[in-house]
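Chains as they are written, first to last, in my numbering: chain A, 58 to 657; chain B, 58 to 657.
A short worksheet on the structure shown next.
In C-alpha cells, the structure reads:
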C-alpha cells in the first residue's frame, strides 16, 4: 500500500483491513474531517456504501442492517456533534447486543479545547456503552504504527461480535490534507514495500471467536430440574442477533417435547415463527409454541421450573407470572448477563442458548421420567385456543367496523406476511400488540425490534437498514410518534435504494399513555402525554416520493396484500382513536378471562 | 409542601425550587418515567412549558431560548435513548457556554443492567460536557434528603450561569406510582410542616455569582501595550450568552477610539450591529466597526498588538492574518479559556470582556500617547469601503440575475431586517456568508448561531427556541441540509406557538464542499460529499402547515419584506447552484484584491 499522503494511507489501510476482515457495509454521513475514511470506503469494491444526511438516522440504519445479519456494520461521521447524533443507536446496540463499528473522525489532539472549529471532546463519547474504545494514533507512515492500525482493525471487528456483541468506537484524528492530494515524500516509496505497507493476503490478523459452552454440571442440574418438574416452562425472550448463527428453534421444541413443557415464545425470539411451529399445515403435531400468553399467563397454575433464554420478555404478564411462581428459574445467557428485573431467578447459566439446548437434548432421557401435571399443558392449550378464537371473532369485518382496535391490524400483518418475510415492529404499542395478537406460524418470519432500550427513535431507519441486508419482503409496523420521530429516515428509501411496506397505525399521539394511570389526570394528560399533533403524513410521503394510502381497518388486509405485491415503498396508514382501541383491548382480555374462569 | 406520594413530592419540590430560583421555561418530551417532573412543571404557574415530540429538537429549542436570554432553560425527558437524543445540544451548550438544565428521568438504580425495559446507563451520560452531574437520591420524605433536593436545585441553576455557563445534568430516578395517585401514609402529614416540607419564602438557598474582575496588573499591561502600539487591532469574536448582561459594545468602541484601533466584529459578536455602529444615520462618526475583513484581512499590514475577546472568529482570513502577524496578542476570556487554535497568542487575561473594557477606559490616557501608523486605519477604511461597493454592485438586479450568489441573499437579510430583530444563522455556508456580506448597521440586531460545535443539526429548533424568548421579529437563514436535518423542529411552530421568517438557501446538498479540495475528486465528490437529495421542501411546509414561497434571487428582497410584515411562519426559498455561487464568491474576492492591489 502506498498513498499520495499519510491521511489517505491511513484511511485506505484501515478500510482495506476491515474489508479483509469481512466488513460488508458502511453508513456514511458527509463531512470534511472524515474525508480520508469516506474516500477509502467509496473506492473499495467489496464494501457497500450507504450515504445518509442525518447521522442519527445513519446510525439506526447501520444498526438495522447489523441486527438483521448479526454481522458488523460500520458507521462514519465527521467531528463534532455529528458523533453525538450516533449516541441513541449506540446505546440500543449496546443493550441489544448488535455489532456496530463506529468510526468518528476527529481533529488532531492539540486542537481539543482550543476553540478550533467543530472540535469537541470525543474521547469515550459513548461512555460504557461500547465494548472497546480506541483513540487511533495520528497518521504516519511509521511501520509499527501502521501494523498497530491493521491489528486494531481486526480486533475492533472481532470485538463487535464477541460475547456479548455490541458497538466498538474508533476515534480517528486526521490533519490536512484530508483529500488524496499528492504530498511529495509524505509516504516514502519504500514504505509501500514493508510488511506494514503491504499487509498480508487476507486480514493482517485472523481472529476467531469462542463458543460459550456451558459447564457439564450446569447442564446436568438443568436437565435434572426439567426432568423432574411437574409444571416445566420454557420462556424464549427476544433473541440476540447472534442467535441467527447458533440457535435452532427445532432443538428447543425437541427439548420441550421431552419434558412436556410449553414454550412461551416472544415474537422477537426466533421461536414464535418458523417451520418448527405446529400450524394448519401440520395439525397432527403437538402444540409446543404459545403466543397468546400475554392475555392469560397470570390465570394459569404456577410453573415449578422455568428456563429462560434471550432478553427479558416483552410481556409484563409473563414476567409477573414467573415472578409470582416461586419456581426454580434458570437464566441461560451467553454473556452471563442477568436480564430478569424481578430478581426471582435462581440459577444463572453462562452458555449460548444454542449450545445449552443441544446439550440438554444429549442429557435428557428420551422418555420422560418425571410426571407432568396432566392439566398443565391442557390449561395452556385451552387458553391459547380461546385467545385466538376471541381475537379472530373480533377481527371479523362487522366487529372490526363496530369496534376497531390496532391489534387487529398487527394480527393481519403477521398472518398475511409472505413466507419468508422480515417484519420490523416499533416500540410502544406495536410490539405489545404483536406480542399479544401475532399468532405463531410455520412461516419463516424474522421479527425485529429495537428492544434493547425500547426507544421510539430511529425506528424507520432501523427497519430500512434491515431491508438493505435481506431479499425478504420487509414490513415495518409503526405508530405515528415513531414515524414522526424518524421522518428523516425515509430519505434512505431513495438514497439507499431500499423498500418496505410501512404499516402506520396513526392514533395521533402517544396512545400507550392510555394504559397508564396518568390517563386519569387531565390536565396534563392530553397536552403533555397523549400529545395529539394532527400531522397529515401524506405530505411526508410526498416529500419522499412514497405511495401513501389511508384505509379503514376493515380495508386493511386488501391494501396490505396489494402493497406486498408491488415494487417500491408504500405507506398504508390506518387511523385509530387511541382510547377506543385500548378499551377494546382490555375488553377482549376480560372476555378471555370470563369465558374460561366464570368466577372471576 | 405535601403530596399524594413521594414521587409527586419529589417532582413538586424540585420544580418549586427551580421556579423560586428564577427558572422561566422548560422543554418537555413525553414519557412515562418522567411523569413526576412533567406533572409538576405543567402545574406550575410561573414556568412556561414547551412540549416537543423529538428529544433532539426539544434540546435545541431549549438551547435557543437559553442562547437568546442568557438564562437557564430546563429540559425533561424519560429514561433510555431519549436522554441520548439531548447529547448534540448538550455538547453545543458546553462549547458555546449556554445555560441548560437537563433533567433525565431514570429507573431506580437496582434496575440498571438487569434487563428492565427502557433502562440504560445514564450515569454521566454526557461525560465532561456538563458543568455538574448529580444522581439525585431516590424520592423519600426524609427531611435531610429533601433539604438536599432543594439545595441541589439552587446549586444546579447557579452552575448553569457560573463561569463559564453551560449545561448541568440531574439524573432523576423514580419508582411507581409516578402519577399523583394517593398512597396512604407515603408522605406523612407532619412532613409538610417541617422546614424540608415547607421550604422558605423564595428559593431555599439564595445564590449569587461573582464577576470576573481582571487583575490590575493585567489591565495595566494591556493598556500599556495598546497605548504604545503602532497598529493596534481589536477582534470581537462570537459572544457568549452572558455577554448580554455585561458587555456594552459602546465601551469597546470608546477604547478603540482612544487607541485608534479598528474593531473586526464577528457577526456573532455584539459589536457588529447596534446603535454604537457608525452608519448612514451618523456619517460624521469615525468608522470603528469593520465587517468585510474576511475578504481582505490578509492583504493588510500586520497588527503589532491584538486584543481578542469572545470565541474564535468565524473568519479564517482573520485567524490566519493574526497568526502570521507576530503581534503581541491578548486573549480576554472570563473563564480563562483558550479559544485560539493557532497558538500564537501571548497573553491570557482572565476577565469578563465587559469588565476588561471598562477598566481599560479608566486606565488608558484620554489622548493617545503612542503614534498609530498613519496608514493603518486608512488601509482598513479603503478596503472596507471597496468591499461593500463590490458587494453592492454584485447585488444589482442585472448582476444578480446573471451571476446569482447566496451571499447576496444573506446581505439582504441583514440589511432589511427590522430594528430590532433577532437573526439566527445556520452553520456551514450561511454563517460564512453573513461574516463576509452582512454589513455593520446601527440597528439592534441580535445575531445568533450554534458556533460552539458548528454542527448543522438542530438549527431550526434553536432558532425557534430563540423566538420563544423574544418579541423581536425572528429570521432564520439556513441551508437545505440543515433544514432537512432538523425538519422535526418545525413542529414547534404550532406546538410552541412561535413564528419566524425562514430564509432557505437551497443548493440541493452540501455546497460548502465546493470550497474544499475534495471538489477535484469525483467520484466520490458528488455522491458522498455534495450529496444532492432533490427534496422539494414545499411538501415539508405542507406537513407543518407553513406558507412556502420559492423565489428567484432578484425577487428575494420583496418576498422577504412581505414575510416580515406578515403573521405566522413563512419559508422563503431561494434556489442556487452551489458551484456557480462559489465561483462568484471567489471572483468577488479576487476583484477586491485586484482593485486595490493591481500587482497581485
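Note that CB positions come from ideal geometry on N, CA and C, so glycine has one too.
Which residue or residues does DSSP assign as beta-bridge partners of residue 107/A?
Paired residue(s): 84/A.
Given a cut-off of 7 angstroms, decide if residue 211/B and residue 225/B are closer than it, judged by their beta-carbon atoms.
No; because the gap between Cβ atoms is not below 7 angstroms, this pair is not in contact.
In angstroms, rounded to a whole number, what distance separates the CA positions of residue 191/B and residue 180/B?
Roughly 9 angstroms between the two C-alpha positions.
Ordered along the chain, which non-local residues of its own chain (more than five positions away) have a Cβ less than 6 angstroms from that of residue 254/A?
For residue 254/A, where only same-chain residues beyond five positions count, the Cβ hits under 6 angstroms are 58 and 248.
Cα separation between residue 269/A and residue 390/A?
Cα to Cα, the separation comes out at about 9 angstroms.
Which value, in whole angstroms, describes the spacing of the CA atoms of residue 261/B and residue 200/B?
Taking the straight line from one Cα to the other gives about 13 angstroms.
Along the beta strand (DSSP E) that carries residue 499/B, what are the first and last residues, could you check?
Neither: residue 499/B is in no beta strand (DSSP E) and is coded neither H nor E.
Apart from the five residues on each side of it in sequence, which residues of its chain come closer than 6 angstroms, Cβ to Cβ, to residue 495/A?
Excluding residues within five positions, the ones whose Cβ falls inside 6 angstroms are 324 and 471.
Of the residues 169/B, 143/B and 641/B, which one's Cα is nearest the Cα of residue 459/B?
Ranking 169/B, 143/B and 641/B by Cα distance to residue 459/B puts 641/B first.
Do residue 85/A and residue 108/A have their beta-carbon atoms positioned less than 7 angstroms apart in this structure?
Closer than 7 angstroms, so yes.
State the DSSP-derived secondary structure class of residue 281/B, mapped to helix, strand or coil.
Helix.
Report the rounded CA-to-CA distance for residue 169/A versus residue 232/A, giving the unit in angstroms.
Rounded to whole angstroms, residue 169/A to residue 232/A spans 13 angstroms at the Cα level.
Just to confirm, are residue 96/B and residue 237/A a CB contact at a threshold of 7 angstroms?
Cβ distance not < 7 angstroms, so residue 96/B and residue 237/A don't count as in contact.
Under 7 angstroms between the Cβ atoms of residue 147/A and residue 123/A?
Against a cut-off of 7 angstroms, the Cβ pair of residue 123/A and residue 147/A comes out as no contact.
Distance, Cα to Cα, residue 164/B vs residue 510/A?
Taking the straight line from one Cα to the other gives about 12 angstroms.
Under 7 angstroms between the Cβ atoms of residue 478/A and residue 530/A?
Cβ atoms of residue 478/A and residue 530/A: closer than 7 angstroms.
Mapping DSSP to helix, strand and coil, what is residue 161/A?
Correct three-state label for residue 161/A: strand.
Taking 7 angstroms as the CB-CB cut-off, is residue 652/B touching chain A?
No, its Cβ sits nowhere closer than 7 angstroms to a Cβ of chain A.
Please look up how many angstroms separate the CB atoms of residue 568/B and residue 639/B, rounded, as I've assumed it's under 8 angstroms.
Going by Cβ atoms, the distance from residue 568/B to residue 639/B rounds to 7 angstroms, so yes, they are a contact pair.
Got a sec? Which residues, its chain only, sit under 8 angstroms from residue 267/A by beta carbon, not counting five neighbours each side?
Answer for residue 267/A: 220, listed in chain order.
To the nearest angstrom, how far is it from the Cα of residue 196/A to the Cα of residue 574/B?
About 19 angstroms.
Just to confirm my understanding: we take residue 655/B, look at its own chain, exclude 5 residues before and 5 after, and list those with CB closer than 8 angstroms. What are they?
Any reading at residue 655/B is ruled out, since the residue's pLDDT is 49, under 50, leaving its predicted position unreliable.
Along the beta strand (DSSP E) that carries residue 604/B, what are the first and last residues, could you check?
Here the beta strand (DSSP E) through residue 604/B covers 604–608.
What residue does the beta strand (DSSP E) around residue 558/B start on, and which one ends it?
Counting along the chain, the beta strand (DSSP E) containing residue 558/B begins and ends at 558–563.
Report the CB separation of residue 141/B from residue 144/A in whole angstroms; it is logged as a contact under 8 angstroms.
Right, their Cβ atoms sit about 4 angstroms apart.
Would you mind stating whether residue 387/A and residue 406/A have Cβ atoms separated by less than 7 angstroms?
In contact: residue 387/A and residue 406/A (Cβ atoms closer than 7 angstroms).
Taking the straight line between their C-alpha atoms, what separation do you get for residue 618/A and residue 465/A?
One C-alpha to the other measures close to 15 angstroms.
Which ranges would you report for the beta strand (DSSP E) in the region 240–323 of chain B if only whole runs of at least 3 residues count?
Whole beta strand (DSSP E) segments, 3+ residues: 289–293 and 320–322.
Which residues in chain B have a C-beta closer than 7 angstroms to the C-beta of residue 95/A? List them in chain order.
Under the 7 angstroms cutoff, chain B gives 581 and 585.
Please decide whether residue 386/A counts as near chain B, where near means a Cβ-Cβ distance under 7 angstroms.
So, not an interface residue.
Would you kindly work out how many angstroms separate the C-alpha atoms of residue 564/A and residue 519/A, rounded to a whole number?
Those two C-alpha atoms are separated by around 22 angstroms.
Judging by CA-CA distance, which residue of 440/A, 515/A and 636/A is the nearest neighbour of residue 651/A?
Out of 440/A, 515/A and 636/A, 440/A has the C-alpha closest to the C-alpha of residue 651/A.
Along chain A, in chain order, which residues have C-beta atoms closer than 8 angstroms to that of residue 39/B?
Outside the modelled stretch of chain B, which goes from 58 to 657, sits residue 39/B, for which no answer is possible.
Within 10 Å of its beta-carbon, does residue 657/A have 16 or more other beta-carbons around it, so buried, or fewer, so exposed?
Per-residue confidence for residue 657/A stands at a pLDDT of 42, beneath the threshold of 50, marking its modelled position as unreliable; no derived number is given.
Going by DSSP, what residue range makes up the beta strand (DSSP E) through residue 670/A?
No answer is possible for residue 670/A: the residues shown for chain A start at 58 and end at 657.
Is residue 226/B helix, strand or coil by DSSP?
DSSP places residue 226/B in strand when its eight states are reduced to three.
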